[in-house]
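Numbering (the working numbering), first residue to last: 882 to 1210.
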């Protein structure tokens, strides 16, 4: 029989050993997410519409997540390259991207483009209507004058837009189809180069969203002839919609944040909550309006519904414009 002291020392040793073994065998405590920088991929060059909106959001998102959020530009293939990079990234919540109508269009036009089913929409940032604008020195001072010029000189109007599948390309193609005219469409890698081409006189017109054109319109360098929305844009309230001019033509783009399919629910919820909180900040709202953005913050459910509704909207128009070439619905 063991003595009491020896037995007590043995029990203490055995208990200590058991605790050490238990600690070694127990799984490591999961670290909080995020604990390293998050990358947000913009599929267009710096200085364009999507890039500007993204940088505004990420500045406030980094405050909500208490980690740095880095924007990286991966342009090319009318936005398909950047979207694909996010699709192929690890679904750990550390690589996100932004997209718009271009991603939907590319899925029907480009065999190498991402199928939207492989993406996980997280939040909507803004929705922007397209516009049609011309340089003042063209002498075209109304949409009716634009149509008359285009009908009298097929291909005579040189329009600046992005590559096939990009939003401003689609707007130009849809205008051609809807109004039965022919434009000479000159592709640029994003909105900023298109604006530069318009200012320098390389092109006569452009089909960009309103925020990219409003300051030039105010300075009378260009004139916005019409806005493709159901109501006038607050940034250029004097410009009529196509509906006001008697045409049922509406064309809007959007910017939403997404990730690769498969982000775990808890991380996905953390990202969605932080994005919504970032967009609720007063500073974000004020700067967004100052930039001329029609902010429309919404969570993952709103993002999924918007993607679906825009797909329903543009697919038949793409068919009419003979742009569906690689996949049908």
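Virtual Cβ for every residue (Gly too), placed ideally from N, Cα, C.
In this text, all values refer to a predicted model and were calculated from it rather than measured experimentally.
Look at the Cβ atom of residue i, then the Cβ atom of residue j, and state whether they are nearer than 8 Å.
| i | j | result |
| --- | --- | --- |
| residue 1184 | residue 1137 | yes |
| residue 1044 | residue 959 | yes |
| residue 1069 | residue 1041 | yes |
| residue 932 | residue 962 | no |
| residue 1098 | residue 1171 | no |
| residue 1039 | residue 1084 | yes |
| residue 923 | residue 1009 | no |
Alpha carbons only, please: which of the options is nearest the one belonging to residue i?
| i | options | result |
| --- | --- | --- |
| residue 1105 | 1112, 1022, 1053 and 1046 | 1022 |
| residue 1058 | 1204, 1135 and 938 | 1204 |
| residue 1113 | 991, 1173 and 1149 | 1173 |
| residue 938 | 1210, 1197, 1167 and 1188 | 1167 |
| residue 1190 | 1128, 1132 and 1025 | 1132 |
| residue 982 | 1078, 1169, 997 and 975 | 997 |
| residue 934 | 1154, 1072, 1194 and 1210 | 1072 |
| residue 1197 | 1051, 1144, 1135 and 1145 | 1051 |
| residue 977 | 913, 1002 and 988 | 1002 |
| residue 1123 | 1115, 1134 and 1111 | 1111 |
| residue 964 | 1118, 946, 994 and 1093 | 994 |
| residue 966 | 1207, 925 and 1032 | 925 |
| residue 1128 | 1025, 956 and 957 | 1025 |
| residue 943 | 1195, 1202, 1186 and 1165 | 1165 |
| residue 956 | 970, 936 and 1047 | 1047 |
Which whole-angstrom value describes the C-beta separation of residue i and residue j, a residue pair presumed to lie in contact below a C-beta threshold of 8 Å?
| i | j | result |
| --- | --- | --- |
| residue 1017 | residue 1102 | 7 Å |
| residue 984 | residue 1181 | Going by Cβ atoms, the distance from residue 984 to residue 1181 rounds to 16 Å, so no, they are not a contact pair. |
| residue 1007 | residue 1176 | 5 Å |
| residue 914 | residue 1154 | Not confirmed; about 12 Å, so no contact. |
| residue 1199 | residue 989 | 6 Å |
Give the DSSP bridge partners of residue i, in chain order.
| i | result |
| --- | --- |
| residue 1007 | 1136 and 1176 |
| residue 1012 | 1108 |
| residue 1069 | 1043 |
| residue 953 | 922 |
| residue 978 | 922 and 1139 |
| residue 1122 | 1108 |
Whether or not the segment 1137-1146 and the segment 1157-1172 are in contact is what I'm after, with contact meaning three or more pairs of Cβ atoms, one per stretch, closer than 8 Å; do they touch? no
Is the segment 911-926 touching the segment 950-970, taking contact as three or more C-beta pairs under 8 Å? The segment 911-926 makes contact with the segment 950-970: 3 or more CB pairs, one atom from each, lie closer than 8 Å.
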